[in-house]
Each structure stands twice: as structure tokens, then as C-alpha cells.
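Undergrad: The structure is given below, and queries will be raised subsequently.
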Amino acid sequence: MRLLVLGASGFIGGAVYRLARESHVEVFGTSRRDAAGFVSLQNTSIDEVRRVLKDLGPDVVVNAIGSGVTPGTSSKQEMDHANRLLAESLVGLAMDGALPQFRLIHLASSRNRSGFHRNDDYVVTKEDATNSMLEALSAGLNGCSLEVFNTYGPGQPEGRLVNLVVRGGIDRSDLILETPSHVRDFVHLDDVAQAVIRVAGSKNSPKQSVEIGTGVPTTVAELAHLAYKLAGAETSRIVTGNLSEPAVVEVADIRPAEEAFGWRAEISLRDGLKQMIELAKA
120 MRLLVLGASG FIGGAVYRLA RESHVEVFGT SRRDAAGFVS LQNTSIDEVR
170 RVLKDLGPDV VVNAIGSGVT PGTSSKQEMD HANRLLAESL VGLAMDGALP
220 QFRLIHLASS RNRSGFHRND DYVVTKEDAT NSMLEALSAG LNGCSLEVFN
270 TYGPGQPEGR LVNLVVRGGI DRSDLILETP SHVRDFVHLD DVAQAVIRVA
320 GSKNSPKQSV EIGTGVPTTV AELAHLAYKL AGAETSRIVT GNLSEPAVVE
370 VADIRPAEEA FGWRAEISLR DGLKQMIELA KA
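Residue numbers 120 to 401, in the working numbering, belong to the letters of the sequence shown in order.
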């Protein structure tokens with residue numbers, strides 16, 4: 120397998136790139152920044168992406184480029200370009216008979232069956248991209264849309280929930296939870312990378328997004344209390360809002376990933392948080 124990871128200097132893309140190298144897969148990675156060992160992909164225009172595909176000739180392309188997952192970090196134009204236009208361009212290139220064929224792996228955010236807990240440009244652009252990918256899969260595209268749930272782990276960008284509660288526990292600081300009853304599925308970065316590599320090497324192309332998560336429901340309050348206990352902090356420092364408010368439930372259905380690719384998450388939330396805490400304290 121000759122693998123190309125778009126966004127290999129990012130959080131999830133970086134983990135996929137590192138695992139591929141450790142697994143002795145022939146892998147190339149792109150970065151918007153000039154970084155040693157990576158192919159430069161500055162503006163992700165369709166012509167630039169086509170050039171990279173022609174130069175490298177990958178068998179599999181993983182699109183791990185995204186913008187705006189942390190609110191307030193990207194403009195509407197940046198999110199539209201990175202999340203929607205790039206994904207649509209890749210779909211077109213993957214079905215372009217003039218290029219060597221490649222398998223396309225699209226990383227989508229969880230679509231939240233119970234209603235969006237966010238309703239902003241990030242959600243809209245990621246949803247548009249996923250819909251384009253699903254249409255292409257129905258038309259015979261070789262690939263897969265992976266609906267990745269709440270990914271956490273070492274190197275997680277600042278401002279994300281797990282990073283905040285871990286840092287709060289280490290610092291023994293007060294923590295205010297505005298949505299303590301909301302239910303999430305927290306999946307470790309290493310498990311996500313394993314899923315992507317497994318899917319990249321498969322011949323299966325499900326017509327629907329395959330959910331990547333643990334299948335284990337955890338409330339925001341439970342997450343915070345566990346992190347504080349593991350960090351040795353007093354849980355009394357955690358202040359929760361209205362625990363009786365209607366909860367948004369977002370938990371992966373893990374059966375399709377097992378059935379299609381033989382994959383399931385292996386790292387428990389306790390072990391994953393413990394790892395983050397130990398690394399942060401080192």
C-alpha cells in the first residue's frame with residue numbers, strides 16, 4: 120500500500136502518519152507549513168492536489184485536513200475551503216479517469232443523530248463534505264467515510280473538552296461545566312489511527328458513514344470527575360450546571376466498523392486519561 124495522508128502535521132492526521140510509518144507502510148504526508156519530511160500543500164487548490172497525486176501516485180488517500188473544530192479559530196471562508204471544497208475536489212479527482220485510481224478515506228465529524236450540539240459554519244461545511252462523499256460512494260467510489268467521534272489524546276489542541284478537564288485536574292483549579300448531562304463517546308487518538316489504517320487497507324466501501332468510537336456513553340460530568348480523580352484533585356472543585364436539562368446524546372454504533380473492517384476501540388477512557396495526565400506531569 121502506498122499511502123498519502125493529507126494533513127499529516129495535524130492531530131489525527133499526524134497519528135495516522137506515525138502509525139503508518141511504525142507499521143512499515145509506504146507513506147507520504149502533506150503539511151501547509153514547510154516541514155521536514157512532508158510534502159508542501161499550501162492552498163489545497165484542486166490543481167495543487169492534482170499535482171501531488173500525479174507526483175506521488177498513491178493507492179490510498181486519507182483526507183485529515185480540517186478547519187474550525189475548535190470554535191473561533193477559523194473564518195467561514197477558511198472552513199468552507201478546507202472542509203467542503205477540498206473534500207469535493209478529492210471526490211472528483213478520485214473518480215477522474217485521467218488519474219491513476221486511488222482509494223479515498225474521508226474523515227467526517229460525528230453527525231449527532233439527536234440534533235447538533237453545534238450549529239455553525241464548521242458543522243455545515245463538514246456535513247456538506249460528508250454528503251458529497253456519500254453520494255460518490257453510492258455511485259461506486261472506492262473508499263469510506265469515517266464518522267469520527269470525540270477524539271482525545273496527547274497533543275490534543277488547546278480548548279477541547281478533554282484537554283480542559285485534564286489540565287484542570289492537574290492544576291487543581293475550579294472547573295465550570297455548562298452542559299454536564301450531555302453524553303459523549305470519547306475515543307482515543309491511537310484507536311482512531313488504527314481504524315484509519317485498517318480501513319485504508321480494506322477493499323470494503325460501505326455506502327454509509329462508518330462510526331468510529333467506543334460505543335460507551337459518558338456524560339461530561341463523569342468525564343470531569345474521572346479526570347480529577349486520576350489527577351489527584353478534589354472533585355468538589357467541579358461546578359455543574361442544571362443536571363436535569365435535556366441531554367444531547369452522541370454515542371457511536373460500533374457494529375458496522377466491526378463487521379466491515381474487524382475494528383473496535385481498545386483503549387478505555389480511564390487508561391487514556393491516565394496517559395494524558397502522566398505525560399502532562401512528566
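For every residue, glycine included, the Cβ atom is placed at its ideal position computed from N, Cα and C.
Report yes if the CB atom of R317 is closer than 9 Å to the CB atom of G391, and no otherwise.
TA: no
Undergrad: Alpha carbon to alpha carbon, how far is D372 from E397? Give it in angstroms, no decimals.
TA: 30 Å
Undergrad: Quick check on the DSSP output: what are the complete alpha helix (DSSP H) runs of length 4 or more inside the region 325 to 350, in order along the chain?
TA: 339 to 350
Undergrad: Pick out whichever of M252, Q275, V243 and S208 has its Cα sitting closest to the Cα of Q394.
TA: When C-alpha distances from Q394 are compared across M252, Q275, V243 and S208, the shortest belongs to Q275.
Undergrad: Thinking C-alpha only, which one of A340, S321, V180 and D240 is nearest N202?
TA: D240
Undergrad: Using 9 Å as the threshold, is the C-beta distance between V267 and G332 below it?
TA: Going by C-beta atoms, V267 is nearer than 9 Å to G332.
Undergrad: Please check the pair A340 and L388, which I expect to be a contact at CB under 8 Å, by giving their CB distance rounded to whole angstroms.
TA: 13 Å between Cβ atoms; not a contact.
Undergrad: May I ask which residues mark the beginning and end of the alpha helix (DSSP H) holding T359?
TA: Per DSSP, T359 is not a residue of any alpha helix (DSSP H); the beta strand (DSSP E) it occupies stretches across I357 to T359.
Undergrad: Specify, as a first and last residue, the run of the beta strand (DSSP E) that V368 falls within.
TA: First-last for V368: undefined, no H or E at that position.
Undergrad: Across which residues does DSSP place H225 in a beta bridge pair?
TA: N182 and S264
Undergrad: Which residues does DSSP pair with I316 in a beta bridge?
TA: DSSP lists no partner for I316.
Undergrad: Please report how far the alpha carbon of L260 lies from the alpha carbon of R222, in whole angstroms.
TA: Spanning the two alpha carbons is a distance of roughly 8 Å.
Undergrad: Enumerate in chain order the residues of its own chain whose CB-to-CB distance from V329 is below 8 Å, with the five nearest sequence positions on each side excluded.
TA: C263, S264, L265, E266, V318, P375, A376, A379 and F380
Undergrad: Do you know offhand how far D178's Cα is from S150's?
TA: 19 Å
Undergrad: Give me the Cα-Cα distance between E207 and T244, rounded to the nearest whole angstrom.
TA: 11 Å
Undergrad: Contact between the region 344 to 355 and the region 302 to 311: three or more CB pairs below 8 Å?
TA: Contact between the region 344 to 355 and the region 302 to 311 is absent: fewer than 3 CB-CB pairs across the two stretches fall below 8 Å.
Undergrad: E167 to P219, Cα distance in whole Å?
TA: 16 Å
Undergrad: Would you tell me roughly how many angstroms separate the C-alpha atoms of G129 and I184, rounded to the nearest one?
TA: Looking at the two C-alpha atoms, the distance is approximately 8 Å.
Undergrad: Can you tell me whether DSSP reads I295 as helix, strand or coil?
TA: strand
Undergrad: Just checking my contact of A255 with M198 at CB under 8 Å: how many whole Å lie between their CB atoms?
TA: With 8 Å as the limit, A255 and M198 do not qualify as a contact, their Cβ atoms being about 21 Å apart.
Undergrad: For A127, count the other beta carbons within 10 Å of its own beta carbon; 16 or more makes it buried, fewer makes it exposed. Which is it?
TA: buried
Undergrad: Note down, in chain order, each residue of its chain lying with its Cβ closer than 7 Å to the Cβ of R383, except the 5 sequence neighbours on either side.
TA: I373, A376 and E377
Undergrad: Please state whether the Cβ-Cβ distance between L253 and K326 is less than 9 Å.
TA: yes
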